[in-house]
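Visitor:
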Amino acid sequence: MVEVLAFNILFLLILSVVYSTYPFRDHSKLFSHTPLIGFVIGLLGILFMFNPLVIEQGVQFDSRSIIAGVSAMTFGFVPSLIGAIMMALFRIYLGGAGVLAGVSLIFVSFAIGSIWHKARFKNVSNRQHYLGLEFLLVGFVTHLGVYLCMFLLPKELQPAIFAVMTVPFLVYYPIGFYLLCLLLFNQAYRMVTVSDLKRSEHQLKTIFEQAPIGMSLTDLITGEVHNVNQSYLNLLGLKREELLGNTWETFTHPKDKELSAKMTERMRLGERGPFNFDKRFIKKDGSVVWVNLSLCVFDPSSDETLESLCMAIDITERKSKEDKIRYASTHDTLTGLYNRTHFEEHVSSFNSVGRFPLTVAFGDVNGLRIINDAFGREQGNLLLQRIASIIKERIGKEHYAARVGGDEVALVFFNTTKQEAEVIISEIRAQVSEMLVMDSVRTSVSFGLCEMDSQDDDINEIIKHAEKDVDTRKLMESPHMRGRAVYAIINTLHEKNKREELHSRRVSDFCKNLAIALEMSELQISEMKLLGLMHDIGKIAISESILNKQGKLTDKEWQEMKRHSEIGYRILFSVDDMSSLAGYVLAHHERFDGKGYPKGLRGEETPLQSRIVAIADSFDAMTGERTYRESITPMKAAVELKRNAGTQFDPFLAKVFVEKVLRMDWETL
């Protein structure tokens with residue numbers, strides 16, 4: 009009996025070796041291995057039956073119950089069923105009185121093992137649990153079922169069989185079952201651990217290589233790059249062989265090398281991180297890329313080098329946006345000079361030691377409002393940009409310039425006396441005076457200066473003195489400039505549109521003659537002549553396509569055309585010598601019945617001068633050449649004046665104009 013047990017133990021060990029070849033974690037190969045495993049199980053069971061313990065002729069015992077049960081527990085239903093069928097067929101082939109009992113014990117063991125596999129295998133195969141008692145219990149239940157199969161033997165054989173096999177079935181076989189389960193499941197746990205390690209290694213390698221962010225491993229002692237993924241290579245525009253073996257310092261921006269070295273030294277000295285900071289790399293093509301680096305240190309074993317793991321994210325676009333936001337918060341977007349906020353925040357820092365003497369200058373662009381009204385804000389903005397360029401060119405980086413208002417700039421000259429600053433200011437003014445807006449209007453900048461000799465002086469008082477100085481100079485310089493600008497504007501309008509020039513001159517003559525007929529003073533007559541010449545100055549801001557359009561204007565174009573009286577008002581109002589004309593220009597399209605524009609004034613609410621211009625303007629419009637209609641005769645125009653007297657025109661002025669200027673009989677029209 010000992011020899012039989014030794015033989016069975018040997019084959020049980022063979023079964024454990026077979027188990028180690030089974031791909032429990034590779035589901036893609038599971039189906040292809042099922043028939044093979046089933047065949048091996050059946051073959052081992054048959055081999056067991058070749059060396060049985062024979063009690064009576066045709067009644068033999070071996071370890072097939074153990075192999076059937078344990079195989080079902082570990083390999084599952086299909087391969088174990090194949091093995092069970094093979095063993096059952098062989099037992100039938102052997103024949104004898106114990107065939108029915110022998111076949112039954114095979115399928116009882118298989119059934120109990122399959123039930124356990126279905127209920128418990130997944131729960132315990134991935135984790136190591138102490139299942140000794142459970143295995144012993146399953147072994148006992150299995151062999152209790154086997155023991156009950158003995159009742160299928162012929163009755164005359166049962167007493168002898170029970171006498172011999174009760175203890176083996178209920179004690180030895182469960183213990184053998186238990187030991188084989190421990191052996192096989194320990195093997196399974198080892199395989200699971202190895203499989204998990206391989207999978208984890210593969211996952212980590214995949215994560216490292218396929219990560220959408222840059223990743224690298226670096227030797228902290230030598231600084232050499234040990235490994236790097238493709239995303240990092242793409243970020244730097246390098247090939248793997250160009251980076252591996254080099255140090256990061258080779259590709260680090262010069263301004264960031266000190267920061268990078270400090271971080272590396274902290275890791276070498278034992279800090280484990282994580283560390284996070286931004287730095288710049290020089291790409292292969294010479295361009296700069298900003299990256300955010302997150303680093304940590306690998307705790308090495310005795311045979312490993314000290315390495316750092318780095319994750320790099322390209323933040324170039326983010327940095328660019330941050331720079332733009334930072335620039336916009338401190339700089340004027342139009343001129344590129346510092347803005348008022350920056351100036352006010354840094355005023356206190358101007359009087360630092362070593363910067364004296366210090367000169368503060370305030371500048372004011374003369375006539376900017378006229379230029380905006382006449383030519384549009386685009387031209388005004390262009391003028392400011394050109395002036396800012398001149399200022400930046402003349403003062404260089406050693407001095408300071410800020411735009412502190414719509415047409416105001418503040419300059420701070422360090423280590424510069426007032427006399428030295430005035431030389432630079434004169435050069436700026438000279439260059440500005442040579443500029444022409446729309447090839448016609450010259451401009452200028454008034455400057456006020458004040459010098460600060462030491463820290464004992466109050467910088468705010470220095471600024472106030474400079475502002476007062478510029479106000480004084482502007483009073484002297486700006487009116488002359490604005491007056492010249494107005495005449496330059498009207499000349500520009502006339503040069504662009506000869507028809508407008510002829511129209512303005514004729515209206516000027518009609519206004520003068522009507523003023524004479526009304527027996528106005530010489531001063532008023534001169535004023536009316538100038539008003540007639542200037543009444544359409546606002547058309548400088550109206551598109552030439554509208555002014556010269558063939559045919560009737562659209563509603564949108566007409567609304568644009570109606571703006572010219574308001575624009576003319578703003579242009580003239582800014583010039584002291586012509587401000588009295590501004591209101592007349594604004595109202596020269598009002599009607600006597602209150603249906604005109606822009607204010608809808610009625611009757612004598614409209615200034616007399618505006619009512620005179622309205623008649624002169626309309627008469628010339630009817631008799632002069634127009635792109636959209638033919639002119640009419642003076643007689644027909646006079647009839648129109650009479651017909652619209654009291655509605656569009658002042659009736660008294662219309663009659664005087666017809667009778668004394670046109671020398672026609674009012675009553676016979």
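Counting with this note's numbering, you get residues 9 to 677 for the letters of the sequence shown.
C-beta atoms are modelled at their ideal positions from N, C-alpha and C, and glycine is treated no differently.
Given the structure is predicted, the values throughout are model-derived calculations rather than measurements.
#1: Anyone know if the C-beta pair for S71 and G184 falls short of 8 Å?
#2: Would you mind working out which of I321, A396, V412, V368 sits nearest N347, comparing C-alpha positions?
#3: For the stretch 431 to 438 against the stretch 325 to 344, are there 3 or more C-beta pairs whose distance is under 8 Å?
#4: Flag this pair as touching only if the stretch 220 to 236 and the stretch 323 to 340 have three or more C-beta atom pairs under 8 Å; answer yes or no.
#5: Should H210 be labelled buried (16 or more other beta-carbon atoms within 10 Å of its own) or exposed?
#6: In whole angstroms, give me the CA-to-CA distance for D585 and E535.
#7: Count the other CB atoms, across all protein chains shown, that sit within 10 Å of the CB of F657; report buried if there are 16 or more and exposed otherwise.
#8: Going by Cα to Cα distance, which pick from F383, F306, V297 is closest to R326?
#9: Between which two residues does the beta strand (DSSP E) carrying V373 extend?
#10: Any idea which residues DSSP pairs G222 with across the strands?
#11: Can you give me the start and stop residues for the alpha helix (DSSP H) that H7 sits inside?
#12: Determine the DSSP secondary structure at R507, reduced to helix, strand or coil.
#13: Opposite I290 in the DSSP bridges: which residues?
#14: Given F665, which residues of its chain have a CB within under 6 Å of its CB, disregarding the five upstream and five downstream residues?
#15: Quick one: using the 10 Å Cβ neighbour count with 16 as the cut-off for buried, is V62 buried or exposed?
#16: If you check the beta carbons only, do L212 and P182 fall under 8 Å apart?
#17: Does the stretch 625 to 634 touch the stretch 646 to 661, meaning 3 or more C-beta pairs lie closer than 8 Å?
#18: Apart from the five residues just before and just after R276, which ones in its own chain have a Cβ nearer than 8 Å to its Cβ?
#19: Counting only the same chain and skipping the five closest in sequence on each side, list residues whose C-beta sits under 7 Å from that of R402.
#20: Within the continuous beta strand (DSSP E) that includes I63, where are the two ends?
#21: Tell me where the alpha helix (DSSP H) around L457 begins and ends.
#22: Going by DSSP in three states, L187 sits in which element: helix, strand or coil?
#23: Report yes or no: do three or more beta-carbon pairs, one from the stretch 362 to 376 and one from the stretch 454 to 473, lie closer than 8 Å?
#24: DSSP on N652, reduced to helix/strand/coil?
#25: For G414, count neighbouring Cβ atoms within 10 angstroms of its own Cβ and tell me buried if that reaches 16, exposed if not.
#26: So, at 6 Å on beta carbons, what are the nonlocal neighbours of K498 in its own chain, with the 5 sequence-adjacent residues on each side left out?
#27: Can you tell me whether G53 sits near the ligand COA, meaning its C-beta is under 7 Å from at least one heavy atom of the ligand?
#28: Measure the alpha-carbon distance for A409 versus E273 and round it to whole angstroms.
#29: Count the other CB atoms within 10 Å of the CB of W566; is the residue buried (16 or more) or exposed (fewer)?
#30: So what's T260 in DSSP terms, helix, strand or just coil?
#31: Determine the DSSP secondary structure at S512, reduced to helix, strand or coil.
#32: So for S360, helix, strand or coil by DSSP?
#33: Count the other CB atoms, across all protein chains shown, that sit within 10 Å of the CB of Y186; report buried if there are 16 or more and exposed otherwise.
#34: Report buried or exposed for Q678, applying the criterion of at least 16 other Cβ atoms within 10 angstroms of its Cβ.
#35: Skipping 5 residues on each side, what residues in its chain have a beta carbon closer than 8 Å to that of H596?
#36: Please work out which residues of its chain come closer than 6 Å, Cβ to Cβ, to Y180, disregarding the five sequence neighbours upstream and downstream, and give them in chain order.
Guide: Quick look at the numbers:
#1: Numbered from 1 along the sequence shown, position 63 holds the residue referred to as residue 71. Numbered from 1 along the sequence shown, position 176 holds the residue referred to as residue 184. Taking 8 Å as the cut-off, the Cβ atoms of S71 and G184 count as close.
#2: One-based indexing of the sequence shown puts residue 347 at position 339. Measuring from the Cα of N347, the nearest candidate turns out to be V412.
#3: no
#4: no
#5: Locating residue 210 in the sequence shown gives position 202, counting from the first residue. Answer is exposed; the Cβ neighbour count stays below 16.
#6: Position 577 of the sequence shown, counted from the start, is the residue given in the question as residue 585. Position 527 of the sequence shown, counted from the start, is the residue given in the question as residue 535. Whole-angstrom Cα-Cα distance: 11 Å.
#7: By one-based count along the sequence shown, residue 657 stands at place 649. Buried, since its Cβ has 16 or more Cβ neighbours within 10 Å.
#8: Here the question's residue 326 lines up with position 318 in the sequence shown. Nearest of F383, F306, V297 to R326, Cα basis: V297.
#9: Walking along the sequence shown from the start, residue 373 turns up at place 365. Run containing V373: 366 to 374, per the beta strand (DSSP E) assignment.
#10: Taking the sequence shown and counting its residues from 1, the one referred to as residue 222 is at position 214. Note: G222 sits in a beta bridge opposite A320.
#11: In the structure as shown, the chain begins at 9 and stops at 677. Residue 7 is therefore absent and cannot be evaluated.
#12: Working through the sequence shown from its first residue, we reach residue 507 at position 499. Residue state, collapsed to three classes: helix.
#13: Counting from one through the sequence shown, the residue named residue 290 turns up at place 282. Its beta-bridge partners are V296.
#14: Locating residue 665 in the sequence shown gives position 657, where the first residue counts as 1. Within the same chain, F665 has close Cβ partners L522, I623.
#15: Translated into positions along the sequence shown, residue 62 becomes position 54. So V62 ends up on the exposed side.
#16: For the purposes of this step, residue 212 is identified with residue 204 of the sequence shown, where counting begins at 1. For the purposes of this step, residue 182 is identified with residue 174 of the sequence shown, where counting begins at 1. No, the pair does not count as a contact, with Cβ atoms beyond the cut-off.
#17: yes
#18: In the sequence shown, residue 276 corresponds to position 268, counting from 1. The residues are L228, I229, L314.
#19: The sequence position of residue 402 within the sequence shown is 394, counting from 1. Contacts found: I432, E435, I436.
#20: Position 55 of the sequence shown holds residue 63. It spans 61 to 64 - the beta strand (DSSP E) in which I63 sits, taken as one unbroken run.
#21: In the sequence shown, the residue the question calls residue 457 occupies position 449. Premise fails: L457 lies in the beta strand (DSSP E), 452 to 460, not in any alpha helix (DSSP H).
#22: For the purposes of this step, residue 187 is identified with residue 179 of the sequence shown, where counting begins at 1. L187: helix per DSSP, three-state reduction.
#23: Remark: three or more beta-carbon pairs, one from each stretch, lie closer than 8 Å, so the stretch 362 to 376 and the stretch 454 to 473 are flagged as touching.
#24: On the sequence shown, position 644 is the one that residue 652 refers to. Coil, per DSSP.
#25: For this step, residue 414 is matched to residue 406 along the sequence shown. Its Cβ having fewer than 16 others within 10 Å, G414 is exposed.
#26: Along the sequence shown, one-based indexing puts residue 498 at 490. In the sequence as presented, Lys is not what sits at residue 498; that position holds Ile. Correct list, in chain order: I545.
#27: Of the ligands one can find in the structure shown there are none, so the ligand COA has no counterpart to examine.
#28: Counted from its first residue, the sequence shown places residue 409 at position 401. Counted from its first residue, the sequence shown places residue 273 at position 265. Roughly 42 Å separates the two Cα atoms.
#29: Within the sequence shown, the letter at position 558 stands for residue 566. The residue is exposed, with fewer than 16 neighbouring Cβ atoms inside 10 Å.
#30: The count along the sequence shown starts at 1 and reaches residue 260 at position 252. Note: T260 maps to strand in three-state DSSP.
#31: Within the sequence shown, residue 512 is the residue found at index 504, counting from 1. DSSP places S512 in helix when its eight states are reduced to three.
#32: Here the question's residue 360 lines up with position 352 in the sequence shown. Correct three-state label for S360: coil.
#33: One-based indexing of the sequence shown puts residue 186 at position 178. With 16 or more neighbouring CB atoms inside 10 Å of its own CB, Y186 falls in the buried class.
#34: One cannot answer for residue 678 here, as it falls past the ends of the chain, which runs 9 to 677.
#35: For the purposes of this step, residue 596 is taken as the residue at position 588 of the sequence shown. Within the same chain, and ignoring the five residues on either side of H596 in sequence, the residues whose Cβ sits closer than 8 Å to its Cβ are H543, S573, S618, V621, A622, D625.
#36: Residue numbering aside, residue 180 sits at position 172 when the sequence shown is read from its first letter. Nothing listed; no residue qualifies.
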